[in-house]
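A.B. asks: What follows is a structure written as structure tokens; I'll ask about it next.
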Amino acid sequence: MVLTPEQKRRLSELDAQPAGETKKAELPPPGSAERLRTLWSRVRTSRLIPEILPKVVILGIIIIVAGHFIVAYQLYRIDFKSVLTSGRGTPVDRLWAAVKLQKEKARLLDEGHAHFLSGDLGAALATAASVARMDPRDARAQSLIDLVADAAVQRATKQFDAGSLESSLEHVRLALKYRPEHEEANELNLRIGERLLREAQAHYRKKEYAQLITKGKEVLKINPSDIAALNLLMRANNELLTRADERFIGKRYHDALEDVRLSLKIEPTNLRARELLNQISFFIETPDVKLRGITRFGKVKYATIQVAQGSPLYVKEGDLVRNFQVTTIDPEARTVKLVQVYTKEEITIELTKPE
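Each step along the sequence shown adds one to the number in full-length UniProt numbering, with nothing skipped, and position 137 is 137.
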């Protein structure tokens, strides 16, 4: 057999090594499982186990309980440095107060999430806002407010598409109450205002003034500078007062009063409406009349009547009390009947005990 040069070189190196220095084959390092088995074997045979095992168990229980409270109440969010170095009372008192506050915030946030999952967005936002007032830096409360505000806008959009403007506006305002800068809510709010204005204009053409006023005022709540809505309400106001004058002249006092009341909803300080209201009230008012007594002088029956804070009046059947005429005095029933001179409305008053 002929050896190669490499084999010859290797044999020469082996021959040159001293006896007993032959390199031992390297064993592979033990694996993780093998190391664990070795460690467990040493632990089992150790005399320290009976002494340290109870302590380890107790320490583990303490760690588990502490971890539960830390996670449940998120105590890791407490700024312990500021709590211990600032505020009233001892550091222990301040720390305990901070822990109780954190616990209360955690409870309220859980309650807010429960309201959100049940669909009660108003309660969820109110609860989250209460936490934010406790701690404006609480990111969890701000996150919940954002989440619920987005849900309110989504619900409002669906209601708007379905034609339910009142419910849609309610949810938009709910979102804007807590997030005034919410872009989608502001855009939807303007769209609702535009549709309400179109509906108000339709009511104006039909002379449906009550519905017009309600929707016109909603438009102005959304956009106080909406010129179209302002002009529409002013035109309606003028028409209402003109019609009230006509009805007053025609002795339709209750109809005239209704028109004046609608006018005052549009412009509560309108002098023309106030003057007309005073004129109408004279004809249709029901004074605060109290019956103080009934007596007879011969065959004539008399009643003692007191109007508001005035002095008692002695009247008989046919007499006038302001714009009311006494029609019947009934001593047995202890009542007096009066009729409104202009509207022919009848009222009955009963004898009361002296005050």
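Where a beta carbon is used, it is the ideal one built from N, C-alpha and C, also for glycine.
This one's a predicted model, so the numbers in the text were calculated from it and none came from an experiment.
Apart from the five residues on each side of it in sequence, which residues of its chain come closer than 8 Å, Cβ to Cβ, to E321?
C.D. replies: Contrary to the premise, residue 321 reads as Val rather than Glu in this sequence. Cβ within range, chain order: P287, V289, I305, V307, L313, V315, L338.
A.B. asks: Determine the direct distance from the alpha carbon of I58 to that of A25, and round the result to whole angstroms.
C.D. replies: Any answer about A25 is weak, because its pLDDT of 49 lies below 50 and its placement is not dependable; what the coordinates show is given next. Going from the Cα of A25 to the Cα of I58 covers about 48 Å.
A.B. asks: Give the secondary structure of K337 by DSSP, where H, G and I count as helix, E and B as strand, and everything else as coil.
C.D. replies: K337 falls in the strand class under three-state DSSP.
A.B. asks: Do A200 and L212 have their beta-carbon atoms positioned less than 8 Å apart in this structure?
C.D. replies: Contact: yes.
A.B. asks: For the putative contact between H182 and L144, defined by C-beta atoms under 8 Å, what is the C-beta separation to the nearest angstrom?
C.D. replies: About 15 Å separates the two Cβ atoms, so there is no contact after all.
A.B. asks: Rounded to the nearest angstrom, how far is the Cβ of D135 from that of K105, given a contact under 8 Å?
C.D. replies: Correct: roughly 7 Å between the Cβ atoms.
A.B. asks: I need the straight-line Cα distance from Y139 to D146, nearest angstrom please.
C.D. replies: One detail in the question is off: residue 139 reads as Ala in this sequence, not Tyr. Answer to the nearest angstrom: the Cα atoms are 11 Å apart.
A.B. asks: Using DSSP with H/G/I as helix, E/B as strand and the rest coil, what is K251?
C.D. replies: Looking at K251 - three-state DSSP - the assignment turns out to be coil, as it is neither helix nor strand.
A.B. asks: For the beta strand (DSSP E) holding L291, just list the boundary residues, first then last.
C.D. replies: Its beta strand (DSSP E) spans residues 289 to 297.
A.B. asks: Let me confirm a value: N189 is counted as buried when at least 16 other C-beta atoms fall within 10 Å, else exposed. Which label applies?
C.D. replies: N189 should be labelled buried.
A.B. asks: Flag this pair as yes or no: are the beta carbons of D259 and R272 separated by less than 8 Å?
C.D. replies: It is not a contact, given that the beta carbons lie outside the stated cut-off.
A.B. asks: What do you reckon, are the CB atoms on H115 and A124 nearer than 8 Å?
C.D. replies: A contact, by the Cβ cut-off of 8 Å.
A.B. asks: Given that a residue counts as buried once 16 or more other Cβ atoms are within 10 Å of its Cβ, and exposed if not, what is K251?
C.D. replies: The residue is exposed, with fewer than 16 neighbouring Cβ atoms inside 10 Å.
A.B. asks: Near R137, what residues of its chain come up, given a Cβ to Cβ distance below 8 Å and the 5 sequence neighbours on each side ignored?
C.D. replies: Same-chain partners within the cutoff: there are none.
A.B. asks: Look at the Cβ atom of residue 375, then the Cβ atom of F282, and state whether they are nearer than 8 Å.
C.D. replies: Here the chain has residues from 1 to 355 only, and residue 375 is not among them.
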